[in-house]
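**Q** Numbering-wise (full-length UniProt numbering), the sequence shown opens with residue 1 and increments by one. Just so you know, even glycine gets a beta-carbon here, dropped at the ideal spot from N, CA and C. Sharing a structure, written as structure tokens. Questions coming.
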Amino acid sequence: MAPAKSSKSSGKALYSVILPTFNERQNLPIITWLLNRTFTEQNLDWELVIVDDGSPDGTQDVAKQLVKVYAPHVQLQPRTGKLGLGTAYVHGLKFARGNYIIIMDADFSHHPKFIPQMIEKQRQGNYDIVTGTRYAGDGGVYGWDLKRKLTSKGANIFADTVLRPGVSDLTGSFRLYKRAVLEKLFESTDARGFTMQMALAVTAKAKGLSIGEVPISFVDRVYGDSKLGGEEIVEYAKGVLQLWWTT
Ligand SMILES: Nc1nc2c(ncn2[C@@H]2O[C@H](COP(=O)(O)OP(=O)(O)O[C@H]3O[C@H](CO)[C@@H](O)[C@H](O)[C@@H]3O)[C@@H](O)[C@H]2O)c(=O)[nH]1
Ligand SMILES: [Mg+2]
């Protein structure tokens with residue numbers, strides 16, 4: 001792959017999108033097309049780092065095609081097995097070259113159309129982090145059943161009550177980070193599962209970092225299944241209590 005323009009040498013912002021995938025063969029081409037369109041329209045430098053965990057559905061074959069079609073913007077950084085969402089971000093960051101890192105899901109729950117607003121917000125306030133929020137302003141959740149909605153809302157209320165971070169969507173993972181900030185946050189939290197989003201936001205607030213919010217509509221995936229299970233929910237509760245103890 002031809003090297004992407006380095007943000008350090010050009011002095012211009014380079015936005016790296018880290019996209020963890022597990023069985024996203026059907027979603028990946030469209031999300032990549034949308035990302036390309038969004039960044040091109042905005043005249044922004046960008047790259048996409050796909051972290052696929054050996055998906056049995058052939059996601060990596062699709063990803064390899066996209067690497068060629070969108071060269072030099074797309075890289076595939078696979079792992080051999082399903083090692084989890086949090087470590088996928090850490091893995092992706094090792095290869096990302098941008099000075100800004102965007103983390104999002106590959107299943108259209110996080111629509112690329114919100115990226116320009118997140119970038120604009122970051123620039124306005126020079127925020128360390130800008131997080132997409134489903135629970136403020138025009139934000140919302142569409143397509144989830146009541147149980148899943150209550151789980152998400154409950155998880156946010158629980159963490160907000162115990163930890164008081166003042167961030168409206170702690171479990172959401174559609175975020176823009178300054179690169180150096182994300183590197184430091186990864187070093188200072190052990191949480192690596194779905195708990196990680198909450199732990200990163202709470203730790204950031206405890207360190208005095210600034211977090212801007214952009215309302216997003218989160219739409220449930222059309223293709224494939226969620227990988228969030230009961231075990232993750234227990235881990236989340238443990239994560240909140242651990243942070244309560246340590247921050
Ligand atoms: N590489 C890798 N990717 C993974 C893994 N598990 C999930 N993914 C990818 O991570 C993204 C999110 O996974 P989903 O399974 O679609 O998650 P969800 O149930 O929709 O959960 C969403 O909402 C949660 C709570 O609001 C969020 O915490 C979570 O990050 C995500 O946005 C998708 O792109 C999926 O392919 C994994 O073990 N490895
Ligand atoms: Mg999803």
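(1) With which residues is SER217 paired in a DSSP beta bridge?
(2) If we ignore side chains and look at the alpha-carbon of each, how far apart do LYS12 and THR40 end up?
(3) Leaving out the 5 sequence neighbours to the left and right, which residues in its chain are closer than 7 Å to ALA2 when beta-carbon positions are compared?
(4) Is it a yes or a no for the stretch 45-59 touching the stretch 116-136, going by three-plus beta-carbon pairs under 8 Å?
(5) Give the straight-line distance between the Cα atoms of ASP45 and ASN36, rounded to the nearest whole angstrom.
(6) With a threshold of 7 Å (Cβ to nearest heavy atom), would SER109 be considered close to ligand 1?
(7) Step through the CB atoms of chain D and report whether any lies within less than 8 Å of the CB of LEU163.
(8) If I follow the unbroken beta strand (DSSP E) through GLN75, where does it start and stop?
(9) Does DSSP put ARG25 in a helix, in a strand, or in coil?
(10) Consider the C-beta atom of PHE114 and the heavy atoms of ligand 1; say whether any pair is separated by less than 7 Å.
(11) Alpha carbon to alpha carbon, how far is PRO112 from TYR77? Give it in angstroms, no decimals.
(12) Quick check on THR21: buried or exposed, where buried means 16 or more other Cβ atoms within 10 Å of its Cβ?
**A** This is what the structure gives:
(1) Partner(s): GLY140.
(2) LYS12 and THR40: Cα-Cα distance of roughly 15 Å.
(3) The predicted model places ALA2 with a pLDDT of 40, which falls under 50 and marks its position as unreliable, so this point remains unresolved.
(4) No: fewer than three Cβ pairs fall under 8 Å.
(5) Going from the Cα of ASP45 to the Cα of ASN36 covers about 10 Å.
(6) Because some heavy atom of ligand 1 lies under 7 Å away, the Cβ of SER109 counts as near it: yes.
(7) The structure shown contains no chain D; it is built from a single protein chain.
(8) 74-76 is the span of the beta strand (DSSP E), which, as asked, contains GLN75.
(9) Three-state DSSP puts ARG25 in coil, outside helix and strand.
(10) Within 7 Å of the C-beta of PHE114 there is not a single heavy atom belonging to ligand 1.
(11) Here residue 77 is Gln; the residue named in the question, Tyr, does not match the sequence. The straight-line gap from Cα to Cα measures roughly 21 Å.
(12) Buried: at least 16 other Cβ atoms inside 10 Å.
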